[in-house]
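Using the working numbering, the first residue of the sequence shown is number 40, and each one after it goes up by one. Contents: one structure, followed by commentary.
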Amino acid sequence: GIFLAPTSMCKHLKNSKVAFRAPCCKKWFDCVRCHDAKADHKLDSQDDLVLGCKTCEKVFIVKDLMNVEESDEYCPKCDTNFNMGSMLSR
């Protein structure tokens with residue numbers, strides 16, 4: 040897929056169904072902890088977050104990370120369920 044190389048599975052979340060593109064470095068990660076472990080900077084959670092569904096490869100944006108709603112935890116194309124709280128926690 041476009042979001043991850045086969046060797047870059049998340050060590051923090053089992054069976055991650057979504058990846059995000061960090062606004063700071065424009066690289067794809069499975070979770071914030073993966074970003075913080077691999078990048079030389081912290082993720083700025085104030086920015087909109089570009090997400091990519093690993094099931095159908097649909098790319099979409101979550102605008103307000105401080106107020107994630109239940110509908111934000113589903114792919115708008117294929118309805119795959121994500122666990123946004125786990126992905127965004129440090």
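No residue lacks a Cβ here, since even glycine has one placed at the ideal position from N, Cα and C. Every value quoted in this text rests on a predicted model; they were computed, and no experiment measured them.
Please list, in chain order, all residues of the same chain as residue i whose beta carbon is under 6 Å from its beta carbon, the five residues on each side excluded.
i     : result
CYS70 : CYS49, HIS51, LEU52, MET126
CYS73 : CYS49
Can you tell me the Cα-Cα spacing of residue i and residue j, whole angstroms?
i      : j      : result
CYS95  : PRO115 : 10 Å
PRO62  : GLU109 : 23 Å
PHE59  : LYS97  : 12 Å
THR119 : TYR113 : 5 Å
Determine, using beta carbons only, whether residue i and residue j come nearer to each other than 7 Å.
i      : j     : result
VAL101 : LEU88 : yes
PHE99  : LYS56 : no
To which residues of the same chain is residue i closer than 7 Å at the C-beta, ignoring the five residues directly before and after it?
i     : result
CYS64 : ALA78
Who does residue i pair with in a DSSP beta bridge?
i     : result
VAL89 : ARG60, ILE100
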